[in-house]
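Residue numbers (UniProt numbering): 1 to 272. This report concerns only the one structure given below.
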Amino acid sequence: MASKKVLIVYAHQSSGSFNSAAKDAAVEVLTAKGCAVEVSDLYAMTFKATATAEDITGKVKNADHFCYGEETKLAWEAGKLTADISEEQRKLTEADLVIFQFPMYWFTVPAIMKGWMDRVLTLGFAFTHEKRYSQGIFKDKKAMLSFTTGSQESMFSANGINGDMNVTLWPLQNGILHYCGFQVLAPQIFWAPSHVSSEARGTMLEGWRTRMQGLLGENPLAFTPLDCFDGEKGYQLKPEVHEQHAAKEFGLTVGIHLGKALPPNNQMKAGV
């Protein structure tokens with residue numbers, strides 16, 4: 001892991017939070033292992049969460065019918081994105097691994113972190129029509145979610161009131177990270193730290209510290225490769241791939257389930 005570069009995109013308002021402790025542990029362990037670690041502390045940076053025309057310096061191509069994706073693509077190509085976006089894109093370009101550290105809000109990331117994703121992962125820079133999913137621009141980089149929940153683990157099960165955490169994670173891990181090509185490492189989930197003892201929280205952090213010793217060597221989660229889909233037919237799964245899995249008990253992934261039972265832990269553990 002020596003000489004590897006890690007970017008931690010961090011979203012919590014308090015330096016006394018468990019999320020802050022998890023972020024600090026990551027910085028400490030990864031730095032000790034020889035990694036160069038940068039932290040984007042979004043609240044401290046007062047990072048703008050809204051994607052607007054103000055993200056572009058100078059005139060836009062079509063002010064009457066402003067299209068954020070197309071306009072920011074042109075701005076990125078011309079070097080006319082605002083300084084805060086350009087700086088985050090620099091960090092991301094240099095990083096081998098990106099860790100998103102946050103408390104889960106309403107089954108997803110906090111607004112300020114979603115704003116980072118909306119504004120930094122611009123068309124052209126992070127993805128194109130041709131370069132996405134397994135053929136994505138960031139296919140040589142790794143990324144992962146590390147987050148706290150307010151609910152107990154049992155509540156995020158297939159029988160729990162919140163539903164299967166694998167389903168909750170699919171839009172974030174497949175629709176954002178994998179879409180941009182990242183190799184997505186299994187998430188680090190800290191289950192309801194505010195509802196357990198300080199000793200239990202300490203155990204959670206030690207588990208995170210231990211995992212980080214070999215983090216960059218971990219295998220990523222499994223996603224169905226782009227070439228398994230027919231682009232000329234609406235990116236439907238190719239018949240031969242469908243046939244290969246016809247007799248199997250589970251679907252391919254949480255999202256591409258083929259009408260079958262969801263593969264257990266598909267978004268939680270590698271090798272599934």
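Just so it is clear, CB atoms sit at the ideal spot from N, CA and C, and this is done for glycine as well.
- In the three-state scheme derived from DSSP, where H, G and I count as helix and E and B as strand, residue 18 is classed as helix.
- Taken in chain order, the unbroken stretches of beta strand (DSSP E) that lie wholly in the stretch 13 to 93 and span 3 residues or more are 36 to 41.
- Pairing residue 190 with residue 147 gives a Cβ-Cβ distance under 8 Å.
- One alpha carbon belongs to residue 81, the other to residue 57, and they sit about 6 Å apart.
- At a Cβ-Cβ threshold of 8 Å, residue 61 and residue 122 do not count as neighbours.
- Within the model, the alpha-carbon separation for residue 126 versus residue 138 is close to 7 Å.
- Within a 10 Å sphere around the beta-carbon of residue 264 sit fewer than 16 other beta-carbons, which makes this residue exposed.
- Considering only 102, 77, 97 and 120, the residue with the shortest C-alpha distance to residue 88 is 120.
- At the C-beta level, residue 136 and residue 68 stay beyond 8 Å of one another.
- Between residue 192 and residue 152, the C-beta spacing is below 8 Å.
- Residue 229 has its alpha-carbon roughly 32 Å from the corresponding atom of residue 90.
- The straight-line gap separating the alpha-carbon atoms of residue 162 and residue 43 is approximately 28 Å.
- A residue is called buried when at least 16 other Cβ atoms come within 10 angstroms of its Cβ; residue 141 meets this threshold and is buried.
- In this structure residue 185 is in contact with residue 144, their Cβ atoms being roughly 4 Å apart against a cut-off of 8 Å.
- Here residue 223 is buried. Its C-beta has 16 or more other C-beta atoms within 10 Å.
- In this chain, residue 198 is not harboured by any beta strand (DSSP E); it is covered by the alpha helix (DSSP H) spanning 198 to 212.
- In this structure, the alpha-carbon of residue 36 lies about 27 Å from that of residue 104.
- In the structure shown, residue 5 adopts extended strand secondary structure according to DSSP, grouped into three states.
- If you draw a straight line from the Cα of residue 17 to the Cα of residue 100, it is about 15 Å long.
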